[in-house]
Each structure stands twice: as structure tokens, then as C-alpha cells.
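The UniProt record's numbering puts the first residue of the sequence shown at 1, with every later residue one more than the last. Backbone N, C-alpha and C fix where the C-beta goes; we use that ideal spot for every residue, glycine too. One structure below.
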Amino acid sequence: MKLYLRKIFVLFFIIILASCATKKIEVKNTKELSDLKIEKSQSKYSINLQYNYSAKPKVFYSKNPYKLIIITPSTNVASKLIKFKYNDDIIKNVLVYHDSIGANVEFILTQDVHYQYDIRNNNLKLTFEPISVEEKELGESIKYETPKVEDIVIGNKLLDIENESNSGNLYISLKLNGVVRYDYGYLDNGYLYVDLFDVKSGLSKKLYRFRTGLVKYLKVGEYYPPQKVRVLFKLLSPTTVFAAQDGTQLIISNQFDKLPQEKKYLLSIDTISVKTFQSIILKTTGRVSFTKKIVNGNLLVVFNDDVTVLKKVKNIINFPESSPFKYLKVIKYEGKTAIMVVPNGFEIYANVEMAPEGVLISGSFEKFSKATVKFSKGLELLESKKEDKKAKKEDLITLNIKDMDVREAIKLIYFGRNKNLVFSNDVKGKATLFVRNIPYSKALDVILKENGLVKIEDDDLVWIITKNRYSQMKQEELNKLKEKEAVKKVEPLVTETLFVKYADASEFSSVIKSVLSPRGKMEINAKSNSFVITDIKSAIEQAKDLLEELDKRTPQVTIEARIVEVFDTNNVNLGIQWGGNYNVNSTSVNFPNTITVNGNTGSTGIGGAGYVVNLPVGAPAGALALSLGNLSRTFNLDIALSALESQNKVRTISSPRITTLDNQEAEIKSGGTAIIVPTGDNTETEEVDVGIKLKIKPHITSNNMIYLDIEVEKSSLGAVTANTATTEEKKAKTQVLLANGETTVIGGIYEDEKSEVNQGVPFLSKIPILGALFRAKNNTVTKRELLVFITPKIVE
Numbered sequence: 001m002k003l004y005l006r007k008i009f010v011l012f013f014i015i016i017l018a019s020c021a022t023k024k025i026e027v028k029n030t031k032e033l034s035d036l037k038i039e040k041s042q043s044k045y046s047i048n049l050q051y052n053y054s055a056k057p058k059v060f061y062s063k064n065p066y067k068l069i070i071i072t073p074s075t076n077v078a079s080k081l082i083k084f085k086y087n088d089d090i091i092k093n094v095l096v097y098h099d100s101i102g103a104n105v106e107f108i109l110t111q112d113v114h115y116q117y118d119i120r121n122n123n124l125k126l127t128f129e130p131i132s133v134e135e136k137e138l139g140e141s142i143k144y145e146t147p148k149v150e151d152i153v154i155g156n157k158l159l160d161i162e163n164e165s166n167s168g169n170l171y172i173s174l175k176l177n178g179v180v181r182y183d184y185g186y187l188d189n190g191y192l193y194v195d196l197f198d199v200k201s202g203l204s205k206k207l208y209r210f211r212t213g214l215v216k217y218l219k220v221g222e223y224y225p226p227q228k229v230r231v232l233f234k235l236l237s238p239t240t241v242f243a244a245q246d247g248t249q250l251i252i253s254n255q256f257d258k259l260p261q262e263k264k265y266l267l268s269i270d271t272i273s274v275k276t277f278q279s280i281i282l283k284t285t286g287r288v289s290f291t292k293k294i295v296n297g298n299l300l301v302v303f304n305d306d307v308t309v310l311k312k313v314k315n316i317i318n319f320p321e322s323s324p325f326k327y328l329k330v331i332k333y334e335g336k337t338a339i340m341v342v343p344n345g346f347e348i349y350a351n352v353e354m355a356p357e358g359v360l361i362s363g364s365f366e367k368f369s370k371a372t373v374k375f376s377k378g379l380e381l382l383e384s385k386k387e388d389k390k391a392k393k394e395d396l397i398t399l400n401i402k403d404m405d406v407r408e409a410i411k412l413i414y415f416g417r418n419k420n421l422v423f424s425n426d427v428k429g430k431a432t433l434f435v436r437n438i439p440y441s442k443a444l445d446v447i448l449k450e451n452g453l454v455k456i457e458d459d460d461l462v463w464i465i466t467k468n469r470y471s472q473m474k475q476e477e478l479n480k481l482k483e484k485e486a487v488k489k490v491e492p493l494v495t496e497t498l499f500v501k502y503a504d505a506s507e508f509s510s511v512i513k514s515v516l517s518p519r520g521k522m523e524i525n526a527k528s529n530s531f532v533i534t535d536i537k538s539a540i541e542q543a544k545d546l547l548e549e550l551d552k553r554t555p556q557v558t559i560e561a562r563i564v565e566v567f568d569t570n571n572v573n574l575g576i577q578w579g580g581n582y583n584v585n586s587t588s589v590n591f592p593n594t595i596t597v598n599g600n601t602g603s604t605g606i607g608g609a610g611y612v613v614n615l616p617v618g619a620p621a622g623a624l625a626l627s628l629g630n631l632s633r634t635f636n637l638d639i640a641l642s643a644l645e646s647q648n649k650v651r652t653i654s655s656p657r658i659t660t661l662d663n664q665e666a667e668i669k670s671g672g673t674a675i676i677v678p679t680g681d682n683t684e685t686e687e688v689d690v691g692i693k694l695k696i697k698p699h700i701t702s703n704n705m706i707y708l709d710i711e712v713e714k715s716s717l718g719a720v721t722a723n724t725a726t727t728e729e730k731k732a733k734t735q736v737l738l739a740n741g742e743t744t745v746i747g748g749i750y751e752d753e754k755s756e757v758n759q760g761v762p763f764l765s766k767i768p769i770l771g772a773l774f775r776a777k778n779n780t781v782t783k784r785e786l787l788v789f790i791t792p793k794i795v796e
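Given below as C-alpha cells:
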């Protein structure tokens, strides 16, 4: 008995061991998603899914809403991943769960992304990054790459100056602690200047004299605002100067082959906005050349030099909605570093020009048909005409000077403001001034008034003279004017003929008369289209110059239009006819001896007379007739169903072309004239123009774009009575700005007409279900749409 119990116990223990071994094998063979990791670098995400076997997951992408979904069939999810959480500005949520299909991982996103993935061994690597704003708007219209970026040391201090010049050659080395922005050139007084921006001086002296060589002496000055160091060189004789920067030294020389290989950098991008005006300053090391392009309505400033972008420079800058520019992006276009500026609408005027700091991009909300705003003052802001406006930060100045020569004080105020200064020989005096954060113009006015000086400004030239000298100049100008007038009174008269080439001479008559002297006479020769002028020689020369400016060939624009008119008509008709008779030949009484109930005269075809219900379809496409009766012909029943369904689609295209002058309206008409002949005593006919009329007025802008004023009108004949006729009109009017050869489309001129006609036997046709035997219907749906494609081209 004990032996038997012992055997049972051993057998039970073996079964338990076998059960545990089976469970372990099952766990080992379970397919599982074991780990999930998310890494982010700037705006790029890297997702890593780890499996315990060689899985074959599938990746799906949804855009409504934005989702990335990874499904791995027949796979479990590790318990630690069920509660996985992650969210930021791009990934709204991450869901990890198991269902009847397998393991699921969902990334719920806030915006559209680019993604790619790779499956290797037991690992899925998924990467994605958001699609930028301009990629969505421009698509493939502008193809560009990411520009090269470099992290360099930016200099902020001038450490030393080495002069290795001799009597014939110039070679100067400015030692710095990094790469800096610089500018150089000659002043009007013969000094060679080198400006180092955002730099302070670390030199112990401000004046260096040299006994030998091309350089007599140099001065070092430090100024703010803007923060910069200016080095002025006094040379024995002027010479051609070149400059190049190599790391921590800037070389100035008149020998081009002595310069190092320079590397140009884009250091920063600054923006300034004043109401509807906006400026973008691209700060570069040294002077860089560029090319301005308009690509698909966007401004591209492409650097001709090899320009490397500093790593800290933002590659995209978004601007407020009220700004002329929408956003800016640093790109690599056709192998070169470029700046892409996207305008905030079509009516934007943009100007690109060189500035001491690099390149200045200016923009404003201005229609091309109006006078454009010209930015020609570098970084200077537009001065407000209202006195209550506060001065901008760049216009403020802080000075603390005592008994400084008045010339040097005025130079200090104008330093860095892109102005050329000229002083008359008798300008003398001292200036003592302590001011803080006041407009520089006020500080200048105080110095001028204190020393009895007058400022004469002509564009970028400022001339400082004394009041006495100013009065003498005015008197000299007045004396010269009197002398000229006296000479004109005795100067001999000459006669010349001025021919007008491109316009009617009468159009310029009033303008030409305005430049003639009081003794001058002018007549118009209509046959030769010319002016015959008798006057002094100087007046005739002035008339010639004026006529040359006015008499220019007017540009022409060829306008190609494609007019597409689409008709779509659907017509469904259903009809019914039925009737019958019942005859009893004789009865057993004298009256009534014969009884006949007739709903049909015997016609069995569609359209026969005598039906109780006779609602057929005219010219049916199909019909079904049925006739029932007994052998003795005492009872007959005829039923006929008819149907017609028609569909008509028409597309009418006309392609007119017309050429017109700039600012002259052109008209294209496609249609005809309807003649209405009234009845009765009134026999006067009436003509009504119907069809499509297109009016276009082009204007060629200064940058060879075309501004179009478009009006489209479609008219058709409406109701006509015995004495009157009406027309139905549809109009569309708009203004567009297109590039030369670009196409615009005008749509939305459409008609949608639906009619439903029901016929039936009164009262009986309204009976539910059975009423269908007593009615017929006719449904018609008509749609019309007009599309106009317009392509303007400038005639070269």
C-alpha cells in the first residue's frame, strides 16, 4: 500500500513539473511589443519600437485628424507600455493598446508631417518632422535646399593694427578677436576709412604716426550709436583699395593678390516696422553682391558670393499679419545661399539695395499703379511729419562734449548716418553739449544756432555754412537770375521743328509752352505731327529735352482669353394612359335594352383618343402597352406607360486675342444682337446686345508685372412682350496683378435652374398609391457655368 501511494505521489509531481515547463515555453514563445522610446532633436522626432521577435509592423498615416498608426498583427503589448504617456506641441497624445488584430500604437498629431520608417531585425525606427508653412503654400513651385551652416567666433574687439606699407604699396592688418562686419572706402576729404561694426577699441592710443610708407598717420575713434570703431587713414596719395577678412585679421591693401581667401558670412537678420513700412537688414561680413528675383510672386535675394549662414541665425522668421511681408526663410536656391521673402498679399512694393551693414530689403503696402516709395537712406527710419510722434531709438543720441571744435562735433552727430559732410572755410567755433536720448536733429539744431550756421541738405550731401555765406549765395543766385533774364531779352531768336514720333503733338502742346520764354512762339504742324518753335536757343534746347522725355513708345500688352461655357441639362418624363369599356348587348327589359360603359374608343396605341386618363409623354424614348379583355368582348382594359429621359452636356469654347496699349481699355465681345419687332401701331425695332463681353485695362508696373482691371458680363434675352424686351445680365469685376505670361481664371458666373411639372386628374391623383394611375410628371434640371481664362503678355 505504501509503495502504491509512493507511485501516485511521484506521478503527481511529474505532472506538476510538466505543467510548469509548458507554461514557461508558452511565455517564451509569446510575440510581444516590448519597448517604446521617443527622442526629439529640434523639430525632428525619432521613434523606436522594440519587439521580442522579427516582427512585420505596418505604418499608416491619416490627415483628418493627423495620425501616425503602427499596427503589428498577432502581437501582444508589454504591460509597462499600456500606461505610456507623451505629449508636446506636435504630439498631442500617444495611445498603446492591444485588440483582436494585435498591438497598436497611435501618435495623435497637431499638424501635418513628413515621415519615413525602417524595419530591421526586431526593431522599427520611425522618424517624422512637421511640414513648414511655406511648403504647404508653395508646394513644389520653388525648389530649395537647406543652406550650409557654420558656428564661428564673432569678434567684438580691435586688438592691434600693423602697418607694413612702403612708399608704393599699402598693406595694413587689423587684428581682431573674431570675425566682424566691416565696411571701407574714401571720404570726401581724402581720408580712407575702415568701419568695424559692433566692435570696441582695445588700443591704448587713438593716434598713430608713421615716418615712412604710404600711410602718414591714422586715427581710431569709437562711436555709439551705432556701436562701431572707425579707423581713418591719411595717405600720401590716393590709391585703389581692396579688403578681405581671414579669421581674426582684416587685411587692407592695394594689391589684390596679397589678400587672403575671404569667407563671407550671414551674421544676423534684423527687422524694423513702421506702420505699413517694413525693413529687413541682412547683416553680412564685408560687401556681398546679390541678384533679385521674383519667383511665383515671392521675392528671392540670391547671394552671388559664397555666403555661409551663421548657426545662430534663425532660418525662418514669421511677421505680424499687418506687415507687408508674411515670413522670411533662409534657403539654398540653385546652389547659392538665398533669402526667400513671401509677401502678405499681392499689392506689395519691395526694394532691395546695398547698405553699410549688408543688404536692405524694404517693403510697403503700395499699389503698383501708384507712385512707389523709394528707400534710399540705408538704415535710417522714415521721419514722421507730426511733431507729437516719438523719435525712434535709432534717431536718439547721447552726447557729453566740452569745448569741442564745432566741425568735429557735427561730424560726431552725423557719424554712421550715411551722410556726406562739407564745411565752408569760414566755419569756426566751439560746442559744449550734454544731452541724453534726444533726437540727433535737435542736438544739431542747437549747435547750428549757437554758432550762427546754416545746414543745406541735398539727398545724402550736407553742406554746413555760415549765415553770412548763405546770404551771399542767395544774393549771387538772384543776380545770376537777373542777368539771365536780361540776356534772354536781347538774345537772337531761332526757329526749329521738333517732330513727335509716338503720340499726337497736340497732347504735349501745353507742356512744351511752359518751358518757352516770353518771346517764344509755337505752332503745331498737323501734317508732319510736329512743333514749329521760334525762341531763344536755350529755351528750344529745354523743349527738346522735355519732348524726349515725354515722347516715348507706349508699351503694348497682348491679352489672350479663353472663354468656356458649360451646359448640363437632365430631363426625366413619365406618362400614363389607361381606359376600358364594358358592353351588355341586351337585357330582359325594354329600357334599358342595351348598356355600354366606355373609357376607350378602341385605340390601343399610345396617344389614342378616349382614354379615361390620357397623360402621355411627347416623343417618348420607350413605352409599354397592355390590353386585357374577355372572349365575348363585353369587357376591355387598355393600359400604356411611356417614359423619356434625356441628358445634354454642351461645352462652348472661344479663344479671342487682342493687343492694346498700356493703360488703354480693350474690349472683347462674343455674342450677337437680338432685333425685337413690336406688334401693333409701334413699328420701331429695338436692338438688344446679348452674349459675353470682356473689358480689360492693363497697366505695366516698374518691375514688368501686369496689373489688370477686369470686367466680365454675360447677357441673354429674357422676357419678350408685344412692346418690350428684357435682358438677363451677370457681371464680375476684379483687379489682379500677374507676372508676364501668367494666367488667371474668373469663375462663379453660373445658373442653376430646376423645374418640376406634375399633371393629373383632380382629386383622384392625390389618392395614396392609387393616385399614381392618375398623374404624370416632368422634371428638368439645367446648370450653366461660365469660366474665363486670361493671359496677358508684354509685347517686346
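When DSSP builds the beta bridges, which residues end up paired with S268? S268 is bridged to K283.
Quick check on the burial criterion: 16 or more other C-beta atoms within 10 angstroms. Buried or exposed for P356? It counts as buried.
For this session: Give the DSSP bridge partners of V406, in chain order.
Result: In the DSSP assignment, V406 is bridged to no other residue.
Handout entry: Reference Q664; option with closest CA among I172, N758, D752 and Q556
Key = Among I172, N758, D752 and Q556, the Cα nearest to that of Q664 is on Q556.
* Asked: Since Q255 is in the alpha helix (DSSP H), which residue starts that stretch and which ends it?
  -> For Q255, there is no enclosing alpha helix (DSSP H), as DSSP marks it with neither H nor E.
Enumerate in chain order the residues of its own chain whose CB-to-CB distance from L637 is below 6 Å, with the five nearest sequence positions on each side excluded. Same-chain partners within the cutoff: G580 and L628.
If I measure Cβ to Cβ from I70 and keep anything under 6 Å in the same chain, skipping five residues before and after, which residues do I get? Hits under 6 Å: P57, V59 and V105.
With 16 other CB atoms within 10 Å as the buried threshold, where does D99 fall? Classification for D99: exposed.
Exercise. How big is the Cα-Cα spacing for T791 and V745?
Worked result: In a straight line, the C-alpha of T791 is about 9 Å away from that of V745.
(Q) Suppose you measure from the CA of L196 to the CA of L232; what does that come to, to the nearest Å? (A) Using only the alpha carbons, I get a separation of about 12 Å.
**Prompt:** From L176, Y144 and S424, pick the residue whose C-alpha is nearest to that of L159; which is it?
**Reply:** Sorting L176, Y144 and S424 by C-alpha distance to the C-alpha of L159 places L176 at the top.
Do P65 and G102 count as a contact pair if the criterion is CB distance below 8 Å? For G102 and P65, no; Cβs fall outside 8 Å.
Next on the checklist: Quick check on P768: buried or exposed, where buried means 16 or more other Cβ atoms within 10 Å of its Cβ?
Outcome noted: Answer is exposed; the Cβ neighbour count stays below 16.
> Alpha carbon to alpha carbon, what distance is there between D35 and D246?
Replying inline: The straight-line gap from Cα to Cα measures roughly 51 Å.
| said: Looking at the ligand FMN, does it come within less than 7 Å of I70, judged from the CB to the closest heavy atom? | reply: Only the bare structure without any ligand can be found here, which leaves the ligand FMN out of the picture.
(request) Measure the C-alpha to C-alpha separation of L498 and M522 and round it to an integer number of angstroms. (result) Going from the Cα of L498 to the Cα of M522 covers about 10 Å.
Is L412 helix, strand or coil when you go by DSSP?
In the structure shown, L412 sits in a helix (DSSP, three-state: H, G or I).
Q.
Please classify H114 as buried or exposed, where buried requires at least 16 neighbouring CB atoms within 10 angstroms.
A. With fewer than 16 Cβ atoms within 10 Å of its Cβ, H114 is classed as exposed.
**Prompt:** Which partner residues of R120 appear in the DSSP bridge assignment?
**Reply:** Answer is N123.
**Message:** Using only the alpha-carbon positions, how far apart do D257 and S173 sit?
**Reply:** The straight-line gap from Cα to Cα measures roughly 15 Å.
Which word fits N573, buried or exposed, when buried means at least 16 other C-beta atoms lie within 10 angstroms of its C-beta? Buried is the call here.
Report task. Report yes if the CB atom of V229 is closer than 8 Å to the CB atom of L170, and no otherwise. Result -> Taking C-beta atoms as the reference points, V229 and L170 fail to come closer than 8 Å.
* To do: Please name the residue in Q42, L81 and S654 whose C-alpha comes closest to that of L49.
  => Minimum Cα distance to L49 is reached at L81.
Exercise. When you compare only the Cα positions, how much space is there between I38 and D198?
Worked result: For I38 and D198, the distance between alpha carbons rounds to 42 Å.
Notebook entry, point to check: Whose C-alpha, out of I152, D88 and E262, is nearest the C-alpha of Y45?
Noted result: Closest in alpha carbon position to Y45, among I152, D88 and E262, is D88.
Is it true that the CB of N529 sits closer than 8 Å to the CB of D551?
No, these two residues do not count as a Cβ contact at 8 Å.
- Using the C-alpha atoms, what's the distance from D306 back to K263? Straight-line spacing of the CA atoms in K263 and D306 works out to 7 Å.
- Straight-line Cα distance separating V96 from G111: Here the sequence assigns Gln to residue 111, which means Gly is not the residue at that position. In this structure, the CA atom of Q111 is about 20 Å from the CA atom of V96.
Beta carbon of I524, beta carbon of S506: below 8 Å? I524 places its beta carbon less than 8 Å from that of S506.
Next on the checklist: My parser needs the beta strand (DSSP E) runs of 3 or more residues fully inside the segment 200-228; what are they?
Outcome noted: Counting only runs of 3 or more, we get 207-209 and 215-223.
On the DSSP bridge assignment, give the partners of Y440 in chain order. DSSP output for Y440 lists no bridge partner at all.
Taking a contact to mean a Cβ-Cβ separation below 8 Å, would you say P147 touches I331 in this structure? Against a cut-off of 8 Å, the Cβ pair of I331 and P147 comes out as a contact.
So, with DSSP's three-state summary, where would you put R784? Three-state result, R784: strand.
**Request:** Check each candidate in I317, A409, N420 and N704 and name the one with the smallest Cα separation from V435.
**Result:** When only C-alpha atoms are compared, the closest one is A409.
Endpoints, the beta strand (DSSP E) within which residue 797 is located: The displayed coordinates of the chain run from 1 to 796. Any statement about residue 797 would go beyond what the structure contains.
Per DSSP, P792 is paired with what? Residue pairing by DSSP places P792 opposite I559 in a beta bridge.
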